[in-house]
Amino acid sequence: MDRTGESGMTRVTLQLLTLLWAMTGTSTQTRSSCSVPLAEQPLVNGIQVLMESSVVNSAFPNPSILIAMNLAGAYNLEAQKLLTYKLMASDTADLTIGQLALTIMALTSSCRDPGNRVSILQRQMENWAPASLNTHASSFYGPSLAILALCQNNPETTLPIATRFAKSLLANSSPFNVDTGAMVTLALTCMYHKIPVGSEEGYRVLFGQVLKNTVENISMRIQDNGIIGDIYSTGLAMQALSVTPERPNKEWNCQKTMDSVLDEIKEGKFHNPMSIAQILPSLKGKTYLDVPHVSCSPGHEVQPTLPNPPSPVPTSAYNITVKYTVNNQLRGVERLFNETINVSVKRGSVLLVVLEEAQRKNPTFKFETTMTSWGPMVSSINNIAENVNHKTYWQFLSGKTPLNEGVADYKPFNHEHITANFTQY
Numbered sequence: 001m002d003r004t005g006e007s008g009m010t011r012v013t014l015q016l017l018t019l020l021w022a023m024t025g026t027s028t029q030t031r032s033s034c035s036v037p038l039a040e041q042p043l044v045n046g047i048q049v050l051m052e053s054s055v056v057n058s059a060f061p062n063p064s065i066l067i068a069m070n071l072a073g074a075y076n077l078e079a080q081k082l083l084t085y086k087l088m089a090s091d092t093a094d095l096t097i098g099q100l101a102l103t104i105m106a107l108t109s110s111c112r113d114p115g116n117r118v119s120i121l122q123r124q125m126e127n128w129a130p131a132s133l134n135t136h137a138s139s140f141y142g143p144s145l146a147i148l149a150l151c152q153n154n155p156e157t158t159l160p161i162a163t164r165f166a167k168s169l170l171a172n173s174s175p176f177n178v179d180t181g182a183m184v185t186l187a188l189t190c191m192y193h194k195i196p197v198g199s200e201e202g203y204r205v206l207f208g209q210v211l212k213n214t215v216e217n218i219s220m221r222i223q224d225n226g227i228i229g230d231i232y233s234t235g236l237a238m239q240a241l242s243v244t245p246e247r248p249n250k251e252w253n254c255q256k257t258m259d260s261v262l263d264e265i266k267e268g269k270f271h272n273p274m275s276i277a278q279i280l281p282s283l284k285g286k287t288y289l290d291v292p293h294v295s296c297s298p299g300h301e302v303q304p305t306l307p308n309p310p311s312p313v314p315t316s317a318y319n320i321t322v323k324y325t326v327n328n329q330l331r332g333v334e335r336l337f338n339e340t341i342n343v344s345v346k347r348g349s350v351l352l353v354v355l356e357e358a359q360r361k362n363p364t365f366k367f368e369t370t371m372t373s374w375g376p377m378v379s380s381i382n383n384i385a386e387n388v389n390h391k392t393y394w395q396f397l398s399g400k401t402p403l404n405e406g407v408a409d410y411k412p413f414n415h416e417h418i419t420a421n422f423t424q425y
């Protein structure tokens, strides 16, 4: 057989494999498989119950939580139903591209028709373009979610959008971000496997190239203990590395990562519902690529096996002192300042309490928050507010190290120096 016939046969074979994959609806097949040991399952059940309990008390319907519940298999069916109904009734007008994509995926995982949300998202992505060649990597996170949601609904019409998106990623020169890289990997892995039969092989080459670059960058963030980036970016990174068709040169030890995550759960690091929603699918052997394959057959409420309650920690009434600095040295901003205050709060208080006490003592430390899926986020201090157009925000640091928890979750220690620094990305 001549070389032309050989390559033609290769194309036909690839097309048949793609068609078979699409027809069978095969769910995620992990190459780097790992699992939670049976003895540790109560730990995972415990954080899932904690996440599900947040649904009733929250006025913020979080689609990421519903996706995690559906992928893991919900324990609290009433909470599952309540969150589904809240999302079905939610107004899409004020949602970002990423929030709209997550809502579509949440409803899809609940076997509910997302309605006109898909066409709205498609129109938004048809008009999307990065602001510049050095657009911050995090700005690709929402569009990645959109590509994934659209791919799961109609890969054929998503193909030109995903192609333009992939080319933008290749041209981008901004620093790498693990969360965004993981979501890019999930989105383009979906497209890689769902390229319509008869399409040019160039699409697979393009998606493969971006995937290779992205997973190489993710693999470079794998720490010696298996944590990828930081503990809160590890869940999405685990999903990405378990499904990518392009393997990184650096080998990933999935079980080492899993064991480190379980150790962090034992330390109480996963108490924020959003952080649980991002790690739970990987703990259950699922990824966002499984969203269209969730079984929605009627079930009954299952009582999970929970970990034994920890021994009560002796409480102490004594206070701790936290040194708190607010700093704005950005040129072009209305007021420059650098103010420091010592604040006394009860041991075990979260950072938000420190900020409230500082505000009570000195109006210079006045602050405002906005509610996000991760909880309250500080949006303004001393009347200087974050600005998306100027790419500015308030970054919190312990010493010189950025915090990886929000103000409602992080608990300062005695004599810690916390700085709120007005920063540009």
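Going by full-length UniProt numbering, the first residue of the sequence shown is number 1, and it counts up by one from there.
All residues carry an ideal CB built from backbone N, CA and C; glycine is no exception.
Nothing here was measured: the structure is a model prediction, and the numbers come from that model.
Which one of the options has the shortest CA to CA distance from residue i?
{"i": "Val55", "options": "Arg204, Gly208, Lys86, Tyr141", "result": "Lys86"}
{"i": "Pro376", "options": "Cys34, Phe60, Met51, Asn45", "result": "Phe60"}
{"i": "Val353", "options": "Ser109, Phe413, Ser373, Asn338", "result": "Phe413"}
{"i": "Ala221", "options": "Pro160, Phe367, Thr423, Thr257", "result": "Position check: residue 221 holds Arg in this sequence, whereas Ala was assumed. Comparing Cα positions, the closest option is Thr257."}
{"i": "Met88", "options": "Asn76, Ser373, Arg117, Leu77", "result": "Arg117"}
{"i": "Tyr141", "options": "Ala187, Val407, Lys266", "result": "Ala187"}
{"i": "Asn172", "options": "Pro160, Ala137, Thr96", "result": "Ala137"}
{"i": "Asn382", "options": "Val44, Arg360, Asn342", "result": "Arg360"}
{"i": "Leu95", "options": "Gln424, Asn404, Ser373, Asp409", "result": "Ser373"}
{"i": "Ile279", "options": "Asn253, Ala237, Gly268, Asn387", "result": "Ala237"}
{"i": "Thr108", "options": "Ser295, Val178, Thr158, Thr92", "result": "Ser295"}
{"i": "Ile320", "options": "Glu339, Arg331, Val345, Ser297", "result": "Val345"}
{"i": "His193", "options": "Asp179, Asn213, Ala162", "result": "Ala162"}
When DSSP labels each residue in this structure, what does residue i get in the three-state scheme?
{"i": "Lys286", "result": "coil"}
{"i": "Ile418", "result": "strand"}
{"i": "Gly98", "result": "helix"}
{"i": "Leu397", "result": "strand"}
{"i": "Glu368", "result": "strand"}
{"i": "Thr4", "result": "Legend: pLDDT at Thr4 = 33, less than 50; position of this residue unreliable, no value from coordinates given."}
{"i": "Pro402", "result": "strand"}
{"i": "Lys346", "result": "strand"}
{"i": "residue 426", "result": "No information on residue 426 is available, as it lies outside the stretch 1 to 425 that the chain covers here."}
{"i": "Thr158", "result": "helix"}
{"i": "Gln424", "result": "strand"}
{"i": "Phe337", "result": "strand"}
Just mark residue i as buried or exposed, buried being the case when its beta carbon has 16 or more other beta carbons within 10 Å.
{"i": "Asp224", "result": "exposed"}
{"i": "Tyr232", "result": "buried"}
{"i": "Ser275", "result": "buried"}
{"i": "Pro114", "result": "buried"}
{"i": "Ala106", "result": "buried"}
{"i": "Gly46", "result": "buried"}
{"i": "Val326", "result": "buried"}
{"i": "Leu336", "result": "exposed"}
{"i": "Asn62", "result": "buried"}
{"i": "Cys111", "result": "exposed"}
{"i": "Asp91", "result": "exposed"}
{"i": "Pro281", "result": "buried"}
{"i": "His415", "result": "exposed"}
{"i": "Thr370", "result": "exposed"}
{"i": "Val197", "result": "exposed"}
{"i": "Gly229", "result": "buried"}
Compute the beta-carbon to beta-carbon distance between residue i and residue j, rounded to the nearest angstrom, for a pair I have assumed lies under 8 angstroms.
{"i": "Gln122", "j": "Pro292", "result": "Actually they are not in contact, since the Cβ atoms of Gln122 and Pro292 sit about 17 angstroms apart, beyond 8 angstroms."}
{"i": "Met191", "j": "Pro155", "result": "7 angstroms"}
{"i": "Met51", "j": "Ile67", "result": "The Cβ separation is near 11 angstroms, so there is no contact."}
{"i": "Ser174", "j": "Thr135", "result": "6 angstroms"}
{"i": "Asn272", "j": "Phe422", "result": "Not really, about 24 angstroms apart at Cβ, beyond 8 angstroms."}
Please tell me whether, using a cut-off of 8 angstroms, the distance from the CB of residue i to the nearest non-hydrogen atom of the ligand HEM is below it.
{"i": "Leu159", "result": "Although the ligand HEM was asked about, the structure shown includes no ligands whatsoever."}
Open item on the list: Check whether the stretch 197-208 and the stretch 141-148 are in contact - that is, three or more C-beta pairs closer than 8 angstroms.
Closed with: no
Open item on the list: Assess contact between the stretch 386-405 and the stretch 246-263, defined as three or more Cβ pairs (one per stretch) separated by less than 8 angstroms. Is contact present?
Closed with: no
Open item on the list: Check whether the stretch 281-292 and the stretch 226-244 touch, using three or more Cβ-Cβ pairs below 8 angstroms as the test.
Closed with: yes
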